[in-house]
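Q: For the sequence shown, my numbering gives the first residue as 61, with consecutive numbering after it. Have a look at this one.
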Amino acid sequence: MFTCWPSNCGSLALPSRFTHPPSCATQFAVVSRRWRTPMPKLKNVLSGDDQFNFLIALIGLIHREGEIHITAAAERLGMSVEAVRKAMSTLVVAGHRKPSGAEEIPFNFDWDLFDEEQVLRFSDSDIILDAPRISTRQAAAIAAGLSYLKSLPEFASEADVDSLIALLASTQPTASPPTIFFEVGTVGADVGLLRRAILAELQISCSYTNQRGEESVRSLEPFRLDPRGAVWYLKAYCPISRQIKSFRLDRMRQIVLGENPWSEAARQAFAEFDQEEDRLYVPGESDTDVIVEVDPEAYELVSEFTTISEPNSSSSGVIRVTIKVGHLPNLGHLIAKYGGAARVISPPVARELVRNYALSALGQKSNDFQRIEDED
61 MFTCWPSNCG
71 SLALPSRFTH
81 PPSCATQFAV
91 VSRRWRTPMP
101 KLKNVLSGDD
111 QFNFLIALIG
121 LIHREGEIHI
131 TAAAERLGMS
141 VEAVRKAMST
151 LVVAGHRKPS
161 GAEEIPFNFD
171 WDLFDEEQVL
181 RFSDSDIILD
191 APRISTRQAA
201 AIAAGLSYLK
211 SLPEFASEAD
221 VDSLIALLAS
231 TQPTASPPTI
241 FFEVGTVGAD
251 VGLLRRAILA
261 ELQISCSYTN
271 QRGEESVRSL
281 EPFRLDPRGA
291 VWYLKAYCPI
301 SRQIKSFRLD
311 RMRQIVLGEN
321 PWSEAARQAF
331 AEFDQEEDRL
341 YVPGESDTDV
351 IVEVDPEAYE
361 LVSEFTTISE
371 PNSSSSGVIR
381 VTIKVGHLPN
391 LGHLIAKYGG
401 AARVISPPVA
411 RELVRNYALS
421 ALGQKSNDFQ
431 RIEDED
């Protein structure tokens, strides 16, 4: 690129960078040095979502406390004082237009109080007062989840969980909100020991009683703990069957943490397990094909087993499907859980077992009935 200077510009006192421009090599060296200079790290730079969540948290904090010093607010939210100042400036201009065309500013700070004492307080927050509260059912669900965490050994001594439960109770409109407790089922196995084995990726050995009442010493490679209602299951790789199976914790005894790490076969199975359907029951070669008919409220029964045919559905939502059952005597208990919403069609031996279970529940006798002590 060439620059043509006028003939009468000789009398102008131009800077040297115009009269003697640097060469391309010199300019490239200057730019390269700038590129090599690291950019300063920016503190409290938030993405759009994080900035929105920060503003919501700041609004809730000021509304709940009424008045709070800016330093205390920054410490509570884990941000700098300057970030809180910028958030206040953002809230001041966060207005919207009403249908009438007038602009409404939802958040008005008491700037006099802030200038004099550095205290945050809303002078007018009608929109916050009109904000909907969570329902009692929603509060119960959240409190149940927090209580569940509190029941776990890792969170038993966490004061933050207690403070969250108390904070949730204080938001309810009733004068004395009900206390909600959630307690997991009792297990016979050492859950803490199993968790350590999972985190350390170590094998364990234990005495296990299966659903047929057969007791044996097992070597397992634990992968995950699954609470299903009041029953806990351990997902583990079984070297004997060479697959991942579910083991009830209340049937496990004498658990010993080993020193051997997970085998390569177990690691491969765990890697493939994430891509498969997670089922509580893993079928075996000796399983029995059972045709069941279930109403919509009993679809869960089918989801816990491997199906070997496509479900045939009707207009009423009833489906008929073939599943694989490992221990037929347990079928009566499983069908009875759904109170008539699940029915066994075939084979006859499965229908007879379900019938005998129902007769026993009604106090009647059956010569063919077999009582099962350990039921799934």
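Beta carbons: idealized from backbone N, C-alpha and C, even for Gly.
Compare the C-alpha of residue 124 against each of 150, 175, 151, 182 and name the closest.
A: Measuring from the Cα of residue 124, the nearest candidate turns out to be 182.
Q: With burial defined as no fewer than 16 other Cβ atoms inside 10 Å of the residue's Cβ, what is the status of residue 206: buried or exposed?
A: The residue is buried, with at least 16 neighbouring Cβ atoms inside 10 Å.
Q: Taking C-alpha atoms, which residue in 316, 170, 295 lies nearest to residue 306?
A: Comparing Cα positions, the closest option is 295.
Q: Are the beta-carbon atoms belonging to residue 348 and residue 410 less than 8 Å from one another?
A: In this structure, residue 410 lies closer than 8 Å to residue 348 by Cβ.
Q: Residue 176: which of 263, 130, 135, 300 sits nearest, CA to CA?
A: The candidate whose alpha carbon is nearest that of residue 176 is 130.
Q: When the distance is taken between beta carbons, is residue 354 closer than 8 Å to residue 396?
A: No, these two residues do not count as a Cβ contact at 8 Å.
Q: Taking only the alpha-carbon atoms, compute the straight-line gap between residue 251 and residue 258 and give it to the nearest angstrom.
A: The straight-line gap from Cα to Cα measures roughly 11 Å.
Q: Short check: CB of residue 362 to CB of residue 381, under 8 Å?
A: Yes, these two residues count as a Cβ contact at 8 Å.
Q: What three-state label does DSSP hand residue 422 in the structure shown?
A: Three-state DSSP puts residue 422 in coil, outside helix and strand.
Q: Could you have a look at residue 300 and say whether DSSP puts it in helix, strand or coil?
A: It is coil, neither helix nor strand.
Q: Could you pull the start and end residues of the beta strand (DSSP E) that residue 311 belongs to?
A: Counting along the chain, residue 311 falls outside any beta strand (DSSP E), and DSSP gives it neither H nor E.
Q: Under the DSSP definition of a beta bridge, which residues are partnered with residue 292?
A: Partner(s): 287.
Q: CA-CA distance, residue 302 and residue 287?
A: In a straight line, the C-alpha of residue 302 is about 23 Å away from that of residue 287.
Q: For residue 169, is the classification buried or exposed, using 16 other Cβ atoms within 10 angstroms of its Cβ as the cut-off for buried?
A: Counting Cβ neighbours within 10 Å, residue 169 comes out buried, since at least 16 surround it.
Q: Measure the Cβ-Cβ separation of residue 167 and residue 151 and say whether it is below 8 Å.
A: Closer than 8 Å, so yes.
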